[in-house]
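In the numbering used here, the protein residues as written are 6 to 318.
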């Protein structure tokens, strides 16, 4: 993402993004803003959904690019990338998508959605090792994106300038060969299983969990609460309970791991109304089962009943 943002934007450029972005995008954008790039952040609904019409209203004559997550890491809300991609293409703008939450679980048609740049991580739904990922760059666009890191490449060693051909233009230093091998094996597994099968399984677990939360004393469930419009992420808060305490108790008492807090996305939490305390976030994957979901719901029910009794006079 740093290559996409810092290699593309220059002082005086204008960029547009949404209020639901992860810091992996927001921090590079803020860094470039400090260097003279102008940034417009489009507000989203309390469920974390972006209205493409609001994107149009944020555009200016000097807008260079639109940066947008495919799905929120806080609410799971799937963004309208096809509509925003069309907006960008019609106006000859560069469209960059953060697919960290969707690569491996949602089909992504680069051409149909007019994506120019697509960044993804390997360690989430692609099942690869941590520290792996990639950036798709539309052919020809590399001429507009400067390398953000230079160094040895093992190619053109007679020159002291960074090679200008792909992928060496952006790949300086010793490559993570072991990580790439692991990611390659993981991607082959995903392709063999089929994205549709993975998506259907995760959606079933999400639906089961959302339905179960209705019988628990939950202060609020955030997002659309619709597995067909979100990835397998559910954020919530037990009534009267601190999210960090809930997560700690789930870990220590039930050996259930989840993620509390702000999830490296403070703007998203401001949008949905959970800042500064954050939420408890459950993320379901292909290797989770119905038994896992039921165990989580049972544990949450026990915690909520205990908290409720402690609040009674």
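The beta-carbon is built from N, C-alpha and C at its ideal position, and this holds for glycine as well.
Values in this document were obtained by computation on a predicted structure and should not be read as measured data.
* **Distance, residue 122 Cα to residue 228 Cα** => Looking up residue 228 in the chain shown gives position 223. Looking up residue 122 in the chain shown gives position 117. Take the alpha-carbon of residue 228 and the one of residue 122: they are about 27 Å apart.
* To do: Go through the region 14 to 76 residue by residue and report every complete run of the alpha helix (DSSP H) that reaches 4 residues or more, in order.
  => Scanning the region 14 to 76 for uninterrupted alpha helix (DSSP H) segments of 4 residues or longer gives 28 to 39, 57 to 63, listed from N- to C-terminal end.
* Could you pull out every residue in the same chain whose Cβ sits closer than 8 Å to the Cβ of residue 80, ignoring the five residues on either side in sequence? => Here residue 80 refers to the residue found at position 75 of the chain shown. Counting only Cβ-Cβ distances below 8 Å, and skipping sequence neighbours, we find 25, 52, 53, 227, 228, 229, 235, 238, 240, 273, 277.
* Could you spell out where the alpha helix (DSSP H) holding residue 256 opens and where it closes? => Residue numbering aside, residue 256 sits at position 251 when the chain shown is read from its first letter. In the DSSP assignment, residue 256 falls within the unbroken alpha helix (DSSP H) covering 248 to 259.
* To do: Label residue 214 either buried or exposed according to how many other C-beta atoms from any shown protein chain fall within 10 Å of its C-beta, with 16 as the threshold for buried.
  => Position 209 of the chain shown, counting from 1, holds the residue named residue 214. Within 10 angstroms of the beta-carbon of residue 214 lie 16 or more other beta-carbons, which makes it buried.
* Asked: What's the gap between the Cα of residue 63 and the Cα of residue 71?
  -> One-based indexing of the chain shown puts residue 63 at position 58. One-based indexing of the chain shown puts residue 71 at position 66. C-alpha of residue 63 to C-alpha of residue 71: approximately 10 Å in a straight line.
* Return the CA-CA distance between residue 6 and residue 212, expressed in angstroms with no decimal places. => For this step, residue 6 is matched to residue 1 along the chain shown. For this step, residue 212 is matched to residue 207 along the chain shown. Taking the straight line joining both Cα atoms gives about 32 Å.
* Tell me whether residue 116 sits in a helix, a strand or coil according to DSSP, three-state version. => Position 111 of the chain shown holds residue 116. Correct three-state label for residue 116: coil.
* **Supposed contact pair residue 8 and residue 120 - C-beta distance, whole angstroms, cut 8 Å** => One-based indexing of the chain shown puts residue 120 at position 115. One-based indexing of the chain shown puts residue 8 at position 3. About 15 Å separates the two Cβ atoms, so there is no contact after all.
* Look up residue 309 in the DSSP assignment and say whether it is helix, strand or coil. => Start at 1 with the first residue of the chain shown, and residue 309 comes out as number 304. Residue 309 falls in the helix class under three-state DSSP.
* **Neighbourhood of residue 153 by C-beta distance below 7 Å, restricted to the same chain and skipping five residues each side** => Counted from its first residue, the chain shown places residue 153 at position 148. Contacts found: 7, 8, 11, 12.
* Can you give me the Cβ contacts of residue 254 inside the same chain, cut-off strictly under 7 Å, excluding the 5 residues immediately before and after it? => As a working mapping, residue 254 is identified with position 249 in the chain shown. Answer for residue 254: 308, listed in chain order.
* By Cβ distance below 7 Å, which residues in the same chain neighbour residue 293 in space, the five residues on each side in sequence not counted? -> For the purposes of this step, residue 293 is identified with residue 288 of the chain shown, where counting begins at 1. Cβ within range, chain order: 210.
* To do: Determine the direct distance from the alpha carbon of residue 303 to that of residue 317, and round the result to whole angstroms.
  => Taking the chain shown and counting its residues from 1, one reaches residue 317 at position 312. Taking the chain shown and counting its residues from 1, one reaches residue 303 at position 298. Bear in mind that the predicted position of residue 317 carries a pLDDT of just 47, short of 50, making it too unreliable to give a figure here.
* Residues near residue 19 in its chain [Cβ-Cβ closer than 8 Å; skip 5 each side] -> Mapped onto the chain shown, residue 19 falls at position 14. 42, 43, 44, 45, 65, 67, 68, 69, listed in sequence order.
* In whole angstroms, what separates the C-alpha of residue 270 from that of residue 28? -> Taking the chain shown and counting its residues from 1, the one referred to as residue 270 is at position 265. Taking the chain shown and counting its residues from 1, the one referred to as residue 28 is at position 23. Each residue's Cα considered, the two are about 6 Å apart.
* Through-space distance from residue 176 to residue 130, alpha-carbon basis -> By 1-based counting over the chain shown, the position of residue 130 is 125. By 1-based counting over the chain shown, the position of residue 176 is 171. In a straight line, the C-alpha of residue 130 is about 24 Å away from that of residue 176.
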